[in-house]
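Here the structure is laid out as structure tokens; the discussion comes afterwards.
Number of protein chains: 2
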Amino acid sequence: MLFHVDFKTGKPAYLQLVDQVRYAAASGGLRAGEALPSVRQLAEELRVNRNTVAKAYTELESQGIIETVPGKGCFLKDGNTPFTKAVRQKLLLKEIDEAVVTAHHLQVERADFLALVKERLDYFENKQEKP
Amino acid sequence: MLFHVDFKTGKPAYLQLVDQVRYAAASGGLRAGEALPSVRQLAEELRVNRNTVAKAYTELESQGIIETVPGKGCFLKDGNTPFTKAVRQKLLLKEIDEAVVTAHHLQVERADFLALVKERLDYFENKQEKP
DNA sequence: CCTACTGTCCTACACAAATAGGACAGTAGG
DNA sequence: CCTACTGTCCTATTTGTGTAGGACAGTAGG
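Here the protein sequences line up with chains H and P, keeping their order. Read left to right, the first sequence gives residues 1163 to 1293 (the working numbering). Read left to right, the second sequence gives residues 1163 to 1293 (the working numbering).
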């Protein structure tokens, strides 16, 4: 199965799901317009309450990743974020700054950091191409 | 004063402190070996319990940012992270991946993303130089 | 030694967060 | 229309997190 929950990590189950869907979407494991597993079906597979899955889907919708149609299901959104350019820059800058500050404390040099970033960009782009 | 806590954000006070110390250290606002404000003094300034500040300092020490000497005080560590290269790579990759995935969903192109990263690297490096 | 600092452990409490189950509304195909 | 699916709201319980104050141990200077 595509998703899994690890109860030993202490990280909330619904957040683990959110991350996994985000990664799957970014790396091409999920396609635009594709339907996600139903709330109940996924909940049973993962041995989790329906509302836990539902909470993850709600969070994903508020992030603009998926679209939920009541009575039909949840689907991966096909592009066009619901956020303005200003909001997008702010969200992204926050995460970039966190990584840059962490790199400083981990004593990772500028060149090494940039190399790592490019490597990861390549990684996600390559997976994207595949069938 | 160097630090401040905003109670309106909903973000825990001790985490706000952790972030501010991390940023101050990365941008040169705090120097290696420099003493941080004492737990009680800072707590009084910020109108916060001592243990809230103490918790922030504990977290910072576990991150390898500061060093705490019982009876004397807390000091900014002078380089040399306590982590192995493997652990450092793992910690950094996690944050880089998060930013890369977010960039994908915010539809920020590779070139724009790299430009942003370089801009922020410059920003922190420049502040570092200043007195 | 005594005083005034330093950080820390222990305990307590209030609040929020995470999870869980029952009942309900919309969709679609037989 | 009836059945079986979809997501959702409401409520309850539990668990964890953030904050708080009292008492204690180590350091340093008068």
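Glycine residues also receive a C-beta, built at the ideal position from the N, C-alpha and C atoms. Keep in mind the model is a prediction, meaning the values are calculated, not measured.
Closest Cα partner of residue i within the set the options
i	options	result
V1279(H)	T1171(P), Y1285(P) and R1272(P)	R1272(P)
V1231(H)	S1200(H), E1207(H) and A1265(H)	S1200(H)
L1253(P)	A1265(H), T1246(H), V1249(H) and K1247(H)	A1265(H)
A1197(P)	L1177(P), E1206(P), Q1178(P) and G1235(P)	G1235(P)
G1241(H)	L1179(H), G1195(H) and Y1176(H)	G1195(H)
L1283(H)	D1259(P), L1283(P) and R1250(P)	D1259(P)
V1180(H)	A1261(H), S1224(H), K1289(H) and E1281(H)	S1224(H)
T1220(H)	V1249(H), V1210(H), F1245(H) and Y1176(H)	Y1176(H)
V1210(P)	R1193(P), L1222(P), F1245(P) and P1174(P)	P1174(P)
K1289(P)	E1206(P), M1163(P), L1192(P) and T1246(P)	L1192(P)
M1163(P)	E1206(P), V1249(P) and T1246(P)	E1206(P)
R1152(H)	D1274(P), V1249(P) and Y1185(P)	Residue 1152(H) falls outside the range modelled here, since chain H spans only 1163 to 1293, and no answer is possible.
Beta-carbon neighbours of residue i, restricted to chain P and to distances below 7 angstroms
i	result
I1227(H)	H1267
V1263(H)	R1184, Y1185 and A1188
Sequence-distant residues of its chain with Cβ nearer than 8 angstroms to residue i (five each side left out)
i	result
E1291(H)	G1190
F1245(P)	G1226 and L1253
L1185(H)	Strictly speaking, residue 1185(H) in this sequence is Tyr, with Leu absent from that position. G1191, listed in sequence order.
R1212(P)	V1201, R1202 and A1205
Spatial neighbours of residue i in its chain, beta-carbon cut-off 6 angstroms, leaving aside the 5 residues before and after
i	result
E1229(H)	F1237 and K1239
L1255(P)	none
A1216(H)	V1201
T1214(H)	A1175 and Y1176
Q1178(P)	V1167
Chain H residues whose Cβ lies nearer than 7 angstroms to that of residue i
i	result
D1259(P)	R1282
F1286(P)	V1262 and H1266
Endpoints, the beta strand (DSSP E) within which residue i is located
i	result
V1167(P)	Element bounds for V1167(P): n/a, residue is neither H nor E.
T1246(H)	That residue, T1246(H), is in no beta strand (DSSP E); it is neither H nor E in DSSP.
G1235(H)	G1235 to L1238
I1227(P)	Here I1227(P) belongs to no beta strand (DSSP E), and DSSP marks it neither H nor E.
Boundaries (first-last residue) of the alpha helix (DSSP H) holding residue i
i	result
E1271(H)	Segment: none, E1271(H) is in no alpha helix (DSSP H) and carries neither H nor E.
V1180(P)	A1175 to S1189
L1192(P)	That residue, L1192(P), is in no alpha helix (DSSP H); it is neither H nor E in DSSP.
V1215(P)	R1212 to S1224
Listed by chain order, chain P residues near residue i by CB distance under 9 angstroms
i	result
V1270(H)	R1250, Q1251 and L1254
G1241(H)	Q1269
F1245(H)	L1268
Proximity below 9 angstroms, CB of residue i to CB of residue j
i	j	result
V1263(H)	A1218(H)	no
T1243(P)	L1268(H)	yes
V1270(P)	L1208(P)	no
A1261(H)	E1281(P)	no
L1204(P)	F1169(P)	no
Proximal residues to residue i (C-beta, below 7 angstroms), its chain only, five neighbours per side dropped
i	result
A1187(P)	I1227 and L1238
F1286(H)	A1188 and S1189
L1222(P)	V1180, V1183 and I1228
Partners in chain H for residue i, counting only beta-carbon separations shorter than 9 angstroms
i	result
L1278(P)	Q1251, L1254, L1255 and I1258
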